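Take a look at the structure set out below.
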Amino acid sequence: MEILEAIKTRRSIRKYKLTAVDDRTIETVLEAARWAPSWANSQCWRFVVVRDADKKGKLAEALSIVSSRPNRATEAIRKAPVVIVACAELGKSGYFAQEPGKPVTDKGDWCMFDTALAMQNLTLAAHSLGLGTVHVGAFDAKQVAAILGVPDGFCVVSMTPLGYPDEEPPTRPRRELAETVFYDKFGSIGSA
Ligand SMILES: Cc1cc2nc3c(=O)[nH]c(=O)nc-3n(C[C@H](O)[C@H](O)[C@H](O)COP(=O)(O)O)c2cc1C
Numbered sequence: 502m503e504i505l506e507a508i509k510t511r512r513s514i515r516k517y518k519l520t521a522v523d524d525r526t527i528e529t530v531l532e533a534a535r536w537a538p539s540w541a542n543s544q545c546w547r548f549v550v551v552r553d554a555d556k557k558g559k560l561a562e563a564l565s566i567v568s569s570r571p572n573r574a575t576e577a578i579r580k581a582p583v584v585i586v587a588c589a590e591l592g593k594s595g596y597f598a599q600e601p602g603k604p605v606t607d608k609g610d611w612c613m614f615d616t617a618l619a620m621q622n623l624t625l626a627a628h629s630l631g632l633g634t635v636h637v638g639a640f641d642a643k644q645v646a647a648i649l650g651v652p653d654g655f656c657v658v659s660m661t662p663l664g665y666p667d668e669e670p671p672t673r674p675r676r677e678l679a680e681t682v683f684y685d686k687f688g689s690i691g692s693a
């Protein structure tokens, strides 16, 4: 699949078939994540592959209520054959190795950014292989860390179910480029 086609046709999948995902396929999508760029190549991300039904059930319980309704991804996390949880080592991305604890920019720790790049690589690779994913961010990160034994010094960033889609959701609209792209000055109207 061409990269632009993959980017445009990927959808958030929240219903999965029971079909198992083989280890080689799981490794392929993790390999795509591994090749993401990162701050000074710090690669602060860590991934926990969850296949145990009991653990997936506990992760589903950690998903937050969103807009007074259960998180729409709750059943996907419970039922998909695999859940990949993205964690990150704190104090690495956005820092100089020689000056630990001192962020280089006024934006603090870039671990969310780097881990998101890796997770988007993963979701696009999954889509190109016919698998579904959905980035899930609304959950109790401390609860998830306790479920998975994530140690101090690391945080839980996001998770995604991984499996064969059992739905074809409609494309969600995107803002027109003219609404979000400016030339030479923020807010200006122009064209490429
Ligand atoms: C950072 C982030 C967090 C998200 N968290 C959730 C979530 O907790 N639950 C959920 O069902 N979808 C979640 N989504 C999926 C978005 O709702 C979805 O990407 C968006 O509506 C666009 O739809 P599409 O992915 O099908 O293009 C999240 C997406 C991102 C990028």
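502 is the number of the first residue of the sequence shown in this note's numbering; add one for each residue after it. We put the CB at the ideal spot given by N, CA and C, even for glycine. All of these numbers come straight from a predicted model, not from anything done at the bench.
- In the DSSP assignment, Tyr517 forms a beta bridge with Pro666.
- With a cutoff of 7 angstroms, His636 counts as near ligand 1, since its C-beta is closer than that to a heavy atom of the ligand.
- Among the bridge pairs identified by DSSP, Phe655 is matched with Glu590.
- For Arg547, the uninterrupted beta strand (DSSP E) run begins and ends at Trp546 to Val551, by DSSP.
- Cys612 and Asn572 have their C-alpha atoms some 24 angstroms from each other.
- Note: Phe597 is not bridge-paired with any residue in the DSSP secondary-structure output.
- Secondary structure of Gly633 (DSSP, three-state): strand.
- One alpha carbon belongs to Ala521, the other to Ile514, and they sit about 16 angstroms apart.
- Remark: three or more beta-carbon pairs, one from each stretch, lie closer than 8 angstroms, so the region 581 to 595 and the region 547 to 557 are flagged as touching.
- Selection Arg570, Trp536, Ala577 and Ala563 evaluated against Asp667 yields Ala577 as nearest (Cα-Cα).
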